[in-house]
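Colleague: Got a structure for you, written out below as structure tokens; questions coming shortly.
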Amino acid sequence: MNVINEAGILAISTRLHRLSEQLRKDGALIYKAFGIDFELKWFPVIFTIYQKKIASVVEIANEIGYTHPSTITLLKELEKLKLIQWEKDKHDERKRMFMLTSKGNELINKMKPVWELMSQVLGNIADNNNNLLAAINEAEEKLASQSFYQRALQLKNSR
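In our numbering, the protein residues as written are 99 to 257.
Here it is, written out as structure tokens:
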């Protein structure tokens, strides 16, 4: 056991980051093993567009929980690769509505079996005595009602 693991709950952010990096690194290797040229950072955006069929920048940003500027950066990258395209909203000319291109749909079809495989393996990894996904959901719900910072200030002020 190393110092970070021994730090317990104090190092939860570091541990989650470490776990996330491991999963991202392996995820990239899995795509590569299947001959798919795909960066994991694009997943939330392209998956949201795939699920919604058509979506605005604001809708995508809200769905994935990213800022507007970082969502736009990812959209531009996917657009440059010709995986997505946009058209002006029929009701609001200022609004761009994003959708998959035929190339984007081809990529999704190549990735679907890989997603099934990843889901199966990740399900197995997360299925512990203390289900990882359930625990993350519970923690996110608590943070949605009151942030870590707000809780710390409240405790500090009550002392």
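In this text, a Cβ means the ideal position worked out from N, Cα and C, and glycines have one as well.
Between 143, 183 and 243, which has its C-alpha nearest residue 168's C-alpha?
Modeller: By one-based count along the sequence shown, residue 168 stands at place 70. Closest by alpha carbon: 143.
Colleague: What does the alpha-carbon distance come out to for the pair residue 204 and residue 227?
Modeller: Counting from one through the sequence shown, the residue named residue 204 turns up at place 106. Counting from one through the sequence shown, the residue named residue 227 turns up at place 129. In a straight line, the C-alpha of residue 204 is about 39 Å away from that of residue 227.
Colleague: Beta carbon of residue 196, beta carbon of residue 182: below 7 Å?
Modeller: Looking up residue 196 in the sequence shown gives position 98. Looking up residue 182 in the sequence shown gives position 84. In contact: residue 196 and residue 182 (Cβ atoms closer than 7 Å).
Colleague: May I have the straight-line CA-CA distance separating residue 221 from residue 230, to the nearest angstrom?
Modeller: Counting from 1 along the sequence shown, the entry for residue 221 is found at position 123. Counting from 1 along the sequence shown, the entry for residue 230 is found at position 132. One C-alpha to the other measures close to 9 Å.
Colleague: Pop quiz: residue 153 and residue 147 are said to be a contact at Cβ under 8 Å. What is the actual Cβ separation, rounded to whole angstroms?
Modeller: What you label residue 153 is simply residue 55 of the sequence shown in a count that begins at 1. What you label residue 147 is simply residue 49 of the sequence shown in a count that begins at 1. With 8 Å as the limit, residue 153 and residue 147 qualify as a contact, their Cβ atoms being about 6 Å apart.
Colleague: Considering only their Cβ atoms, is the gap separating residue 180 from residue 201 smaller than 7 Å?
Modeller: Residue numbering aside, residue 201 sits at position 103 when the sequence shown is read from its first letter. Residue numbering aside, residue 180 sits at position 82 when the sequence shown is read from its first letter. Contact flag set, yes.
Colleague: Under the rule that 16 or more other beta-carbon atoms within 10 Å means buried, what is residue 250, buried or exposed?
Modeller: Looking up residue 250 in the sequence shown gives position 152. Residue 250 should be labelled exposed.
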